[in-house]
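In our numbering, the protein residues as written are 824 to 1402.
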Amino acid sequence: MSGKAGSKTRNTRGKRNGRLDPIALEVVRTRLEAIVEEMGATMLRTAHSSIYVECRDFSVAILNRDGGLLAMGQYIPHHQGGMQAALCSIIDHRGLDSMQPGDIYLSNDSYAGGTHTLDVSIFVPIFVASELVCFGGVTAHQIDLGGGAPGSYVVGATEVFQEGIVFPQIKAGENGQYYEDFVHLFQRNVRLPEQQKGDLGAMLAGIKVAERNVTPMIAEHGVKTFRRMIAEILDTTERMLREAIKQIPDGSYEHVDYLDGDGIDHGLFELKVTLTIKGSDAFLDFTGTCAQAKGFINASYWNTLASTYSAFFLYFDPKIPRNDGFFRPITVHVPKGSLLNPTYPGPIGASTTEGGGRVYDLVLGALNKAWPEMAFATWSMMWIAVFISGNHPETGKPFIQAYLDGLACGGGARPDKDGLSTCHISASNMLIPNMEVEEEIYPVRFIRRQLAVDSGGPGTFRGGLSLETEVEVLSDCEFTMFGSRFAGAEAPGLEGGGPGGPSLFYTVRNGKRISYPSKVGRVPLMKGDRIVMRPCGGSGYGDPRKRDHELIERDLRLGLVTPQGAARDYGYQQKAAAA
824 MSGKAGSKTR NTRGKRNGRL DPIALEVVRT RLEAIVEEMG ATMLRTAHSS IYVECRDFSV
884 AILNRDGGLL AMGQYIPHHQ GGMQAALCSI IDHRGLDSMQ PGDIYLSNDS YAGGTHTLDV
944 SIFVPIFVAS ELVCFGGVTA HQIDLGGGAP GSYVVGATEV FQEGIVFPQI KAGENGQYYE
1004 DFVHLFQRNV RLPEQQKGDL GAMLAGIKVA ERNVTPMIAE HGVKTFRRMI AEILDTTERM
1064 LREAIKQIPD GSYEHVDYLD GDGIDHGLFE LKVTLTIKGS DAFLDFTGTC AQAKGFINAS
1124 YWNTLASTYS AFFLYFDPKI PRNDGFFRPI TVHVPKGSLL NPTYPGPIGA STTEGGGRVY
1184 DLVLGALNKA WPEMAFATWS MMWIAVFISG NHPETGKPFI QAYLDGLACG GGARPDKDGL
1244 STCHISASNM LIPNMEVEEE IYPVRFIRRQ LAVDSGGPGT FRGGLSLETE VEVLSDCEFT
1304 MFGSRFAGAE APGLEGGGPG GPSLFYTVRN GKRISYPSKV GRVPLMKGDR IVMRPCGGSG
1364 YGDPRKRDHE LIERDLRLGL VTPQGAARDY GYQQKAAAA
């Protein structure tokens, strides 16, 4: 821009006649989203553990200086509520004024903003013109943090102290590097120190992408204008969700569901939510949920909050941006001392997948009752997790395999479509690992991966089928397993549809099948033993007797249902083949 010597020019990017340019607003919003996707790609390329490289159990985000979400990567949605809360806790504890460029802050305290101990969050403040404007953040599930079992899922734990090391709102580095003492402390408390040191480096590499790209973008507009633009983006998101909520009739809608076992008590745990819609506001009250469990299935308050938000992510138009404005119309109450808001130091190791996982099913079930036109049958958050550990027979070094085929559950049926098969739990964008990669890294051999016939819940529209997997272990080792939706707690159907097939897990030794409860820890395996598992199937929608016979015949032809299943669930008798 030309001008007279000594004259001042003003940055007018993003403005029209003093007003914010809507096109510029959209460019800023999508640039932030592109940056977080690059953060995620960097994490994928540089991480060492297959739980990231193969399975994508991490999240990336850019957050406002007050801790609010500005943009998130498409990885683990419920990390976002926990990530925001963790950052807010750090800000409250340390103060913004104490922070400097290049500082690194870290926390995994589930009672101070985290989801569960294994989810470690790191944050770096981003400064422009010496002013703290926002943060880059990464939350990543560590393959191990010590505690009473490899993988740090401790079935039988009764206190959080047994579940691994906790870093409460610490400063872990400065000048863009971790403190050597922090890295040494971290490595001394985990079972795979060199591998996990590499993962810490990958987390930091992802955040540096945010620093490198966000800073010049803010400088283009100026800090003051950028803040106005962010405020407008968040306000627009809030308005969009409020307009969507207004489509739901005012009223209160209850939903009840159950968790099967906590690793100590193998009975059912009742959970309840009441959703109240009033205009453009949604209130969720979990009063009526049982008292906190002795075992590790409790969900931290912050995980309950995050899972509630993420259930709304699933239900509402994906065109509504996922940022802090999305959360404003949603108010959540969780009684203290309940399974979904335990008192310290109650165990919370399986917070994200058990107690917190069931929050998805509760909230989605209540939304189904409130807004039947948008309803779909239970697409469960519940899965089966297996962690196999030991010393590798070829190297002698310890290994921990997150055997995550149990993620591939069946999707719930919809009012006009069957559910998706082996589509993943509803709350996540993780992947099951590549079997060739798993066989290269770990002493296991995959025997089969196949659709579990008859696992889709019957209905006018059938639930999706889950994945059944069998692996053979090639050395003596041990496993920890936990899951839900076993027989007696299946995913319920909708509008007369049947439940999805129950989860299933057993081992085979010398041809003999050995069964287990829904959660077991540190069970010995011998070379040649096999593990068979199948997560729950998706539930059905509508009366099975009204299913179109052409669809039943297609399912029979494709091997998705058996003739016995068709007769039992649909009253359908297969025609005899012509002579």
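Ideal Cβ positions, reconstructed from N, Cα and C, are used throughout, including at glycine.
Next item on the list: Hey, could you find the ends of the beta strand (DSSP E) G960 is sitting in?
Entry: Segment 954-964, the beta strand (DSSP E) holding G960.
Check: Does DSSP put P948 in a helix, a strand or coil?
Finding: strand
Notebook entry, point to check: Near H916, which residues of its chain fall below 6 Å by C-beta distance, leaving aside the five closest residues on each side in sequence?
Noted result: Q992
Checklist line | S1338 - DSSP class collapsed to helix/strand/coil | finding: strand
Check: Should R1065 and D1104 be called a contact, given that it needs their Cβ atoms to be closer than 9 Å?
Finding: yes
Margin query: Going by C-alpha to C-alpha distance, which of L1023, I1255, L1015, G999 sits closest to V1006?
Written below: Comparing Cα positions, the closest option is L1023.
Check: For L929, which residues from the same chain have a beta carbon less than 6 Å from its beta carbon, with the 5 sequence-adjacent residues on both sides left out?
Finding: I945, F990, I993, A995
Next item on the list: Go ahead and pull the three-state DSSP assignment for A1067.
Entry: helix
Note to self: Do V1260 and S873 count as a contact pair if the criterion is CB distance below 9 Å?
What the structure shows: yes
Next item on the list: Can you check DSSP and say which residues form a bridge with Y928?
Entry: DSSP, once it has assigned bridges, lists F946, K994 as partnering Y928.
Next item on the list: Evaluate L1027 with the Cβ neighbour count: other Cβ atoms within 10 Å of its Cβ, from every protein chain shown; 16 or more gives buried, anything less gives exposed.
Entry: Looking at its Cβ environment, which holds 16 or more other Cβ atoms inside 10 Å, L1027 is buried.
Next item on the list: Enumerate in chain order the residues of its own chain whose CB-to-CB distance from Y1226 is below 6 Å, with the five nearest sequence positions on each side excluded.
Entry: For Y1226, the CB contacts under 6 Å within the same chain, skipping 5 residues up- and downstream, are V1209, I1211 in chain order.
Next item on the list: Name, in chain order, the residues that DSSP records as bridge partners for A1208.
Entry: F1305
Margin query: Going by DSSP in three states, A1236 sits in which element: helix, strand or coil?
Written below: coil
Check: For the beta strand (DSSP E) that I885 lies in, which residues bound it at each end?
Finding: 881-887
Notebook entry, point to check: Residues in its own chain within less than 7 Å of G1394 by CB, not counting five upstream and five downstream?
Noted result: Contacts found: R1368.
Notebook entry, point to check: Is the beta carbon of P1358 sitting closer than 9 Å to the one on R1145?
Noted result: The criterion of a C-beta distance shorter than 9 Å is not satisfied by P1358 and R1145.
Margin query: Is it the case that the stretch 1162-1176 contacts the stretch 933-944, given that we only count it when at least three CB pairs across the two stretches are under 8 Å?
Written below: yes
Next item on the list: Would you kindly check if the distance between the Cβ of A1193 and the Cβ of L1128 is under 9 Å?
Entry: Taking a C-beta distance under 9 Å as the contact criterion, L1128 and A1193 do not qualify as a contact pair.
Checklist line | Neighbour-count burial assignment, G1282, 16 or more Cβ in a 10 Å radius | finding: buried
Notebook entry, point to check: Tell me, which residues are paired with C911 by DSSP?
Noted result: For C911, which the question treats as bridged, DSSP gives no partner whatsoever.
Checklist line | Enclosing alpha helix (DSSP H) for A972 [first to last residue] | finding: First-last for A972: undefined, no H or E at that position.
Margin query: Please report the straight-line C-alpha distance between E954 and D1147, rounded to a whole angstrom.
Written below: 21 Å
Item checked: Straight-line gap, L812 to K1095 (C-alpha atoms, nearest Å) -> Any question about residue 812 goes unanswered here, given that the chain covers just 824 to 1402.
Checklist line | CB of V977 within 9 Å of CB of F1119, strictly | finding: yes
Note to self: Does G905 come out as helix, strand or coil in the three-state DSSP assignment?
What the structure shows: In this structure, G905 counts as helix in the three-state DSSP scheme.
Item checked: Residues that V793 bridges to, as DSSP identifies them -> Since the first residue of the chain shown is 824 and the last is 1402, residue 793 is not available in this structure.
Notebook entry, point to check: Do the stretch 1287-1305 and the stretch 1264-1272 meet, that is, are 3 or more Cβ pairs less than 8 Å apart?
Noted result: Yes, the stretch 1287-1305 touches the stretch 1264-1272.
Next item on the list: Could you pull out every residue in the same chain whose Cβ sits closer than 6 Å to the Cβ of Y1446, ignoring the five residues on either side in sequence?
Entry: This structure gives no information on residue 1446, because the portion of the chain shown stretches from 824 to 1402.
Margin query: For S1130, report the span of its alpha helix (DSSP H) as first-last.
Written below: 1124-1138
Note to self: Going by DSSP, what residue range makes up the beta strand (DSSP E) through F1328?
What the structure shows: 1327-1332
Notebook entry, point to check: In this structure, does DSSP put H1156 in helix, strand or coil?
Noted result: strand
Notebook entry, point to check: Are the stretch 1312-1323 and the stretch 1351-1365 touching by the rule of at least three beta carbon pairs closer than 8 Å?
Noted result: At 8 Å Cβ cutoff, the stretches touch.
Note to self: Just to confirm my understanding: we take Y1167, look at its own chain, exclude 5 residues before and 5 after, and list those with CB closer than 6 Å. What are they?
What the structure shows: Y934
Margin query: Less than 6 Å between C-beta atoms, sequence neighbours within five positions excluded: which residues of the same chain meet that for S1338?
Written below: Y1329
Notebook entry, point to check: When DSSP labels each residue in this structure, what does V1013 get in the three-state scheme?
Noted result: Three-state DSSP puts V1013 in coil, outside helix and strand.
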